[in-house]
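Under numbering that gives the first Met the number 0, the residues of the sequence shown are numbered 0 to 510, in order.
Glycine included, C-beta positions come from ideal geometry on N, C-alpha and C.
Given the structure is predicted, the values throughout are model-derived calculations rather than measurements.
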Amino acid sequence: MAGQRITIMDLRSLITFKQKGLSNRKVATLLGVNRKTVDRYVKKFKELSLGYPELITLDSKDLQEQFTETSQTEKERYEQLSSRFAHMESEMKKPGCTLQTLWKDYMDTVSDGYQYSQFTWHYRQWKKRYTSSGKLTHRAGEKLFVDFCGKKMHYVDRSTGEQIAVEVFVAVLLCSQYTYVRAVASQKREDFISCLVHCLGWLGGVPYAIVPDNLKAAVDKASKYAPILNKTFSDFGLHYGCALDPTRPYRPQDKSLVERSVTLVYQRIFYPLHKQTFFSLQELNAAIADKLEEYNDFLLSHGQGSRRSQFLDIEKEFLQPLPTRIYSLRYFKRGTVQKSSHVYLGDDKSYYSCPYRYIGKQVELQYNQNIVEIFYNQERIASHSRGARGRYHTIGEHMPSSHQYYKNRNMDFFEQRAQQVGQNTQAYIKLLIGQYPYPEVGYKQAEGILAFGKTFGKERLERACKRALGFEKASYHTLERILKNKMDMEESTLETEHITPDHNNIRGAYQ
């Protein structure tokens, strides 16, 4: 397929919108792409002889294989053209200059330029979007603008008397101006997504597009043409079946209505509540909800009823239905499969296993509060229930056979090496490896412990192991703390007040 390419998440949104019966032109508007791009993808769907219900069930890897063209060439091609637009606009003001003349000059300087029709279409779209402003007609159920207020509200901590500042989230449906307001602890991704989930539940439906400002919680990299959304926000959009279309940076006209709404929120919610004292975020939000009822029932100046009446009469029926389940916040992290067939998840300080054939590969961890899934090239290769912090979570089938990486490393191998240091070191290594149902998990730590013999000397390592044998569990980090704090050099017997042993009721890393 030639021409503009869209991301895999936008492709899923495109399929969802087509499944709902939207026209190609409408889909293009919601996704912010050329209608001809949507036409090409729809044509490709027909060539594949797959219906939209079948396409939407394909996993990301299979779906991506159907569209193998690269987007980088098209991106560079468009950027090369768009860099000329400001100059073209200036030239068009000169007598006798035409787009035909400018196109010929353009083709003389590039090897793979757009044909005349595409050239003029891109220029006119740019001119219409970025050099003109005018009154916009907002269609019912089409867009929900969201933003955080510049000013903050507060509540008081009862125990300390401290005044706690909180952020205030505002969402506005453009057609009816129906408004939602909620106070949250921060503008972080978790709070932002939580506000969106509560807002859509409060509205009782989903708009076709959500338009945030370029918040860090939503956008990884801002751009006038193709902003890069973070994966959590994109995953949220897929779950609710709506497009995500951040406003252009440094273009205040893109969010003029929501900024007007923020001003009104200051006047009708912030100010009436500023003399009251609240002792929790829940109390503050309850008061905001009461004032919000009044705000949405306030009669509009044009005499066409209130925000609520316009929402109920005009807009609500055009919202998409809510999905059957509420969105669960999903995180995305990159990692490398270690030689022990595990991937480290820093948020949990835990290790999760995946098949040993992926050792050394870069993988993606996708996780929520309940599940950790591991993907390689968009194919899921492992799934775990999210377990306790600081632990190894291992599925037996993932581990290598004894003739794989550890074919020369087994319990006897490490015991023999430890015996060369001393009997306490040998006993500690045996205890360490014996803790795990899959001994390969302990081999890496055993290697690290034996390496202390070179760093601190065999005598100190032997004394440290003797001291550490008094603890409930064995670990690399226990010995590391003993040696770094020189506790092995103390003459007294084990003094537990000097070091915190690892055991099941202590939070923190356990490796």
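If you draw a straight line from the C-alpha of cysteine 241 to the C-alpha of alanine 426, how long is it?
60 Å
Quick one: measure Cβ to Cβ for alanine 445 and isoleucine 428, integer angstroms, because I've assumed they're closer than 8 Å.
5 Å
Considering only the alpha carbon of each residue, which of Glu372, Tyr351, Ser279 and Val362 lies closest to glutamine 162?
Ser279
Tell me, which residues are paired with leucine 549 by DSSP?
Past the boundaries of the shown model lies residue 549; the chain is included only from 0 to 510, so the question cannot be answered.
Please classify leucine 298 as buried or exposed, where buried requires at least 16 neighbouring CB atoms within 10 angstroms.
exposed
By Cβ distance below 8 Å, which residues in the same chain neighbour cysteine 516 in space, the five residues on each side in sequence not counted?
This structure cannot speak to residue 516, because the chain is shown only from 0 to 510.
Within a Cβ cutoff of 6 Å, which residues of the same chain sit near arginine 11, ignoring the five residues on either side of it in sequence?
The residues are Leu237.
Can you list, in chain order, the residues of its chain whose CB lies under 6 Å from that of leucine 272, leaving out five sequence neighbours each side?
Ala286
Give the range of the alpha helix (DSSP H) segment to which glycine 112 is assigned.
Counting along the chain, glycine 112 falls outside any alpha helix (DSSP H), and DSSP gives it neither H nor E.
Would you report the Cα separation of glutamine 266 and arginine 259, rounded to the nearest angstrom?
Computed Cα separation, rounded: 11 Å.
Could you check if isoleucine 245 is buried or exposed, using at least 16 other CB atoms within 10 Å of its CB as the buried criterion?
One point to set straight first is that residue 245 is proline, not isoleucine, in the sequence displayed. Proline 245 should be labelled buried.
Given a cut-off of 8 Å on the beta-carbon distance, is the pair serine 175 and glutamine 309 in contact?
yes
Who pairs with proline 211 in a beta bridge, going by DSSP?
Val145
Helix or strand or just coil, what does DSSP make of valine 26?
helix
Within the continuous alpha helix (DSSP H) that includes serine 233, where are the two ends?
230-239
In terms of alpha-carbon separation, which member of Asn295, Thr231 and Lys465 lies closest to alanine 417?
Lys465
Scan the stretch 438-478 and note each continuous alpha helix (DSSP H) run of 4 residues or more that stays entirely inside, going in chain order.
439-455 and 457-467
Do you know offhand how far aspartate 9's Cα is from leucine 30's?
For the pair aspartate 9 and leucine 30, the Cα-to-Cα distance works out to about 7 Å.
Please determine if the stretch 153-162 and the stretch 325-332 are in contact, where contact requires at least 3 C-beta pairs separated by less than 8 Å.
no
What first and last residue would you give for the alpha helix (DSSP H) that runs through methionine 410?
410-418
Expressed to the nearest angstrom, what Euclidean distance is found between the alpha-carbon atoms of lysine 134 and phenylalanine 232?
Because lysine 134 sits at a pLDDT of 43, beneath the cut-off of 50, its placement in the model cannot be relied upon, and the point is left open.
Quick check: what's the CA-CA separation for alanine 288 versus leucine 214?
24 Å
Measuring straight from C-alpha to C-alpha, what distance separates lysine 126 and arginine 356?
53 Å
Are there 16 or more other CB atoms within 10 angstroms of the CB of cysteine 353, so buried, or fewer, so exposed?
buried
Alpha carbon to alpha carbon, what distance is there between valine 362 and lysine 17?
32 Å
Check whether the Cβ atoms of phenylalanine 317 and alanine 208 lie closer than 8 Å to each other.
no
In the DSSP output, which residue or residues are listed as bridge partners for alanine 242?
Ala208
So which of Ser474, Lys453 and Gly204 has the shortest CA-CA distance to threonine 323?
Gly204
Run through DSSP, which three-state label would isoleucine 358 get?
DSSP places isoleucine 358 in coil when its eight states are reduced to three.
Do you know offhand how far glutamine 545's Cα is from glycine 441's?
Residue 545 lies beyond the range of the chain shown here (0 to 510); nothing can be said about it.
I think valine 564 touches lysine 453, with their Cβ atoms under 8 Å apart; what is that distance to the nearest whole Å?
Nothing about residue 564 can be read from this structure; the chain reaches only from 0 to 510.
DSSP three-state call for valine 37: helix, strand or coil?
helix
Short check: CB of lysine 142 to CB of valine 210, under 8 Å?
yes
As an exercise, report each continuous alpha helix (DSSP H) stretch of at least 4 residues that is fully enclosed by the stretch 299-371, in chain order.
306-309
To the nearest angstrom, report how far apart tyrosine 347 and alanine 387 are at their CA atoms.
The sequence as given places aspartate at residue 347; tyrosine does not occur at that position. If I take the Cα positions, the gap works out to 8 Å.
Which whole-angstrom value is the C-beta distance of threonine 178 and tyrosine 294, which I expect to be below 8 Å?
6 Å between Cβ atoms; contact.
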